[in-house]
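This report concerns only the one structure given below.
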Amino acid sequence: MNTPVDRADPRLPPVYRLVALDSVGSTMDEARRLAEEEGAEDGTLVWAREQSGGRGRLGRQWESPRGNLYLTLVLRPDCPPAEAAQLGFLAAVAVSDAIGAVSPPVETTFKWPNDVLLHGNKVAGILMELRSTPDGGLDYLLLGCGVNVAHFPRELMYTATSMHYEGVPKDVTEVELLEAFGRHFLSWVSRWLDDGFAPVRKAWLRHAAGIGERIEVRLPREMLTGVCRDLDESGHLILELEGGERRRIASGEVFLSERTDAAGH
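Residue numbering for the sequence shown is 1 to 265, as defined by UniProt numbering.
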């Protein structure tokens, strides 16, 4: 059951249509329902104080207590599905900018394809789901984002953290972060529409974790080990294998070296 928030809505730019909920099973599920059953417009933003059935990549459970940020955007960009997938990198940059806007200087980095790290530990994840039209175009894109503001799970296969644990003042709330994210995401979307993926890619690479380092990439049927060389113009990871062969990885799960490891969800 979805419960509306009983407080004043966050201050967001007017391009967003905010759906504010106190509790929901999953903001992704609710956004999908709105997109499919009610034709939710581009910019619909589903935000919940808590989730009872939150999830990350590969269907993994995402613990969702009150005090963190949980949202899903319904987006309908006029572009092919493959190009729309670039918005995941854009969202990661916007999360980093938002954290910087509400806190003292902190070190945020990115782990391909969907994680934001704070001081080397995972603080946020991006989840995307696309629906194509019968002719291969894009119907809608759901862009989910979870940020550990006050809480983080301590017993996981990877090292997680929260903003408050890493020294961001305790009076910084998920509402403030939502407002900052809304502003920065809109700004980056404007640049993406005007200038394409290049400025997003440049910003992402500037803070990318693992570039030039040895990593492992888990694919559905194999595990690859090599040196992370680059992010190409389509958002694929460039992995250099032993012997010099380079592989373009479209999707997979990255494990960084022990020095920087914060393996994704």
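Note that the Cβ used here is the ideal one computed from N, Cα and C, for glycine as well.
| task | Leaving out five residues on either side along the sequence, give the residues of the same chain with a beta carbon under 7 Å from the beta carbon of I249. | result | V217, H236, L237, L239
| field | Reduced DSSP secondary structure (H/G/I, E/B, other) of A223 | value | Here residue 223 is Met; the residue named in the question, Ala, does not match the sequence. Three-state DSSP puts M223 in a strand.
| Under a three-way DSSP split, which group does L75 fall into? | strand
| field | Reduced DSSP secondary structure (H/G/I, E/B, other) of K122 | value | If DSSP states are grouped into helix, strand and coil, K122 belongs with the strands.
| Straight-line CA distance for P220 to D171? | 42 Å
| Is it a yes or a no for the region 73 to 84 touching the region 103 to 110, going by three-plus beta-carbon pairs under 8 Å? | In short, these stretches do not touch, since the Cβ pair count stays below three.
| field | Contacts around E176, its chain only, beta-carbon distance under 8 Å, and the 5 residues preceding and following it disregarded | value | Once the five neighbours on either side are set aside, the close Cβ partners of E176 are V102.
| query | Which residues in the same chain have their Cβ closer than 6 Å to the Cβ of A48, if we skip the five residues on either side of it in sequence? | reply | L21, V24, T27, Y70
| task | Give the DSSP-derived three-state secondary structure of A101 in the structure shown. | result | helix
| query | In this structure, does DSSP put R154 in helix, strand or coil? | reply | coil
| If you compare alpha carbons, which of S96, Q86, L186 is closest to S234? | Q86
| request: Could you tell me how far apart the beta carbons of T72 and V46 are, in whole angstroms, since I believe they sit closer than 8 Å? | output: 5 Å
| query | Which word fits M128, buried or exposed, when buried means at least 16 other C-beta atoms lie within 10 angstroms of its C-beta? | reply | The Cβ neighbour count for M128, taken over all protein chains shown within 10 Å, is at least 16; the residue is labelled buried.
| According to DSSP, residues forming a beta bridge with I215 | G226
| Less than 7 Å separating the beta-carbons of V74 and V95? | no
| field | Length at least 4, wholly inside the region 132 to 213: the alpha helix (DSSP H) runs in chain order | value | You should have 174 to 195, 198 to 206.
| message | Checking 7 Å against the spacing of the C-beta atoms, do V200 and L90 come in under that value? | response | yes
| said: Rounded to the nearest angstrom, what separates G210 and P104 at their Cα positions? | reply: 24 Å
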